[in-house]
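Peer 1: Residue numbers (the working numbering), protein chains in the order written: chain A, 1 to 82; chain B, 1 to 82. No residue lacks a Cβ here, since even glycine has one placed at the ideal position from N, Cα and C. Quick one: the structure is below, questions incoming.
Below is the structure:
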C-alpha cells in the first residue's frame with residue numbers, strides 16, 4: 001500500500017455539500033479496490049480538489065474516482081511525507 | 001486564518017531528508033507570518049511537493065517559502081475539507 005495525492009481541476013464553485021457527497025461516494029465503494037480516501041481539500045475559486053488516499057496503485061485510485069463520476073486529472077504517488 | 005495547499009513543481013529526485021530539511025526551515029520561521037505548515041507530501045518521480053498550511057493569507061505562505069528558498073508554484077486557499 002502507498003499514499004497518493006490526486007488532483008481534480010475544473011471544479012469551480014464546488015460547495016461543501018458537493019465535496020462531502022463526492023467523498024462519501026468514494027468511501028462507499030473504495031474497499032472494492034482496497035483504496036482508502038483519507039482527506040480531501042477544495043478550492044472552489046480555482047476549481048481544484050486534492051484527495052489524499054492510501055491504495056495499492058494509482059490505477060486503483062482512478063478506478064474508484066471514475067466509477068463515482070469524478071475522474072482525477074492527476075494521480076501522484078507521494079511516498080515522502082512530513 | 002485559513003487553510004492553504006501549495007504546490008511545488010520541478011523537485012525531481014527530492015529525498016526524504018531534503019523534504020524534512022525544507023519543512024523544518026519553514027517551521028523555523030513560520031511564526032514571523034503567523035503561518036503553520038502542517039504536512040507535506042512529495043512525489044520524487046514527477047518532482048511535485050504539496051504543502052498543507054494554516055495561514056492568514058496566501059501571500060504569507062509564499063513569503064515563508066521564498067525566505068527558505070523554495071517558492072511555491074501555486075498557493076490555493078482550500079476552505080472546504082472533508
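#1: Please list, in chain order, the chain B residues whose beta carbon lies closer than 7 Å to that of residue 43(A).
#2: Sort 44(B), 27(B), 28(B), 24(B) by Cα distance to residue 12(B) and report the nearest one.
#3: Residues of the stretch 5-34 of chain A in Cβ contact with chain B at a cutoff of 8 Å, in chain order, please.
#4: Rounded C-beta distance between residue 36(A) and residue 53(A)? I'm assuming under 8 Å.
#5: Which residues share a DSSP beta bridge with residue 83(A)?
#6: Please report the residue range of the alpha helix (DSSP H) in which residue 63(B) lies.
#7: If you measure between the beta carbons of residue 14(B) and residue 61(B), is that distance less than 8 Å?
#8: Below 8 Å between beta carbons is the criterion; list the residues of the stretch 44-65 of chain B that meet it against any residue of chain A, in chain order.
#9: Would you say residue 68(A) lies against chain B (beta-carbon separation less than 8 Å)?
#10: Which whole-angstrom value is the C-beta distance of residue 76(A) and residue 1(A), which I expect to be below 8 Å?
#11: Throw me the rounded Cβ distance for the residue 42(B) and residue 78(A) pair, which I believe falls under 8 Å.
#12: Quick one: is residue 2(B) near chain A, going by C-beta distance under 8 Å?
#13: Quick one, which of 55(A), 20(A), 19(A) has its alpha-carbon nearest residue 33(A)'s?
#14: By how many angstroms is the C-alpha of residue 64(B) removed from the C-alpha of residue 30(B)?
#15: Starting from residue 20(B), follow the alpha helix (DSSP H) in both directions and report where the run begins and ends.
#16: What is the residue span of the beta strand (DSSP E) that residue 43(A) lies within?
#17: With a threshold of 7 Å on Cβ separation, who are the neighbours of residue 27(A) within its own chain once the five nearest residues in sequence on each side are excluded?
Peer 2: Taking the geometry as given:
#1: To locate residue 43(A), count along the first chain from 1; it is residue 43. Ordered by position in chain B, the residues that pass the 7 Å Cβ test against residue 43(A) are 76, 77, 78.
#2: Start at 1 with the first residue of the second chain, and residue 12(B) comes out as number 12. The shortest C-alpha separation from residue 12(B) is found at 44(B).
#3: Listed by position along the chain: 5, 14, 15, 16, 19, 20, 23.
#4: Taking the first chain and counting its residues from 1, one reaches residue 36(A) at position 36. Taking the first chain and counting its residues from 1, one reaches residue 53(A) at position 53. Correct: roughly 6 Å between the Cβ atoms.
#5: Since the displayed chain A opens at 1 and closes at 82, residue 83(A) lies outside it and no answer follows.
#6: The residue given as residue 63(B) occupies position 63 in the second chain. Looking at the DSSP string, the run of the alpha helix (DSSP H) that includes residue 63(B) is 58-67.
#7: Translated into positions along the second chain, residue 14(B) becomes position 14. Translated into positions along the second chain, residue 61(B) becomes position 61. No, Cβ-Cβ distance for residue 14(B) and residue 61(B) is not below 8 Å.
#8: Those residues of the stretch 44-65 of chain B that come within reach of chain A (Cβ to Cβ, closer than 8 Å) are 44, 45, 46, 48, 50, 52.
#9: By one-based count along the first chain, residue 68(A) stands at place 68. Not closer than 8 Å to any Cβ of chain B, the Cβ of residue 68(A) fails to qualify, so no.
#10: Within the first chain, residue 76(A) is the residue found at index 76, counting from 1. Within the first chain, residue 1(A) is the residue found at index 1, counting from 1. Not really, about 15 Å apart at Cβ, beyond 8 Å.
#11: What you label residue 42(B) is simply residue 42 of the second chain in a count that begins at 1. What you label residue 78(A) is simply residue 78 of the first chain in a count that begins at 1. Contact between residue 42(B) and residue 78(A) holds: their C-beta atoms lie close to 6 Å from each other, under 8 Å.
#12: Stepping through the second chain from its first residue, residue 2(B) is reached at position 2. Not an interface residue.
#13: Within the first chain, residue 33(A) is the residue found at index 33, counting from 1. For residue 33(A), the nearest C-alpha among the options comes from 55(A).
#14: By one-based count along the second chain, residue 30(B) stands at place 30. By one-based count along the second chain, residue 64(B) stands at place 64. A direct Cα-to-Cα measurement between residue 30(B) and residue 64(B) gives close to 6 Å.
#15: Taking the first residue of the second chain as position 1, residue 20(B) is located at position 20. Bounds of the alpha helix (DSSP H) holding residue 20(B) are 16-29.
#16: On the first chain, residue 43(A) is found 43 positions in, with the first residue counted as 1. For residue 43(A), the uninterrupted beta strand (DSSP E) segment begins and ends at 36-43.
#17: What you label residue 27(A) is simply residue 27 of the first chain in a count that begins at 1. Result list for residue 27(A): 37, in chain order.
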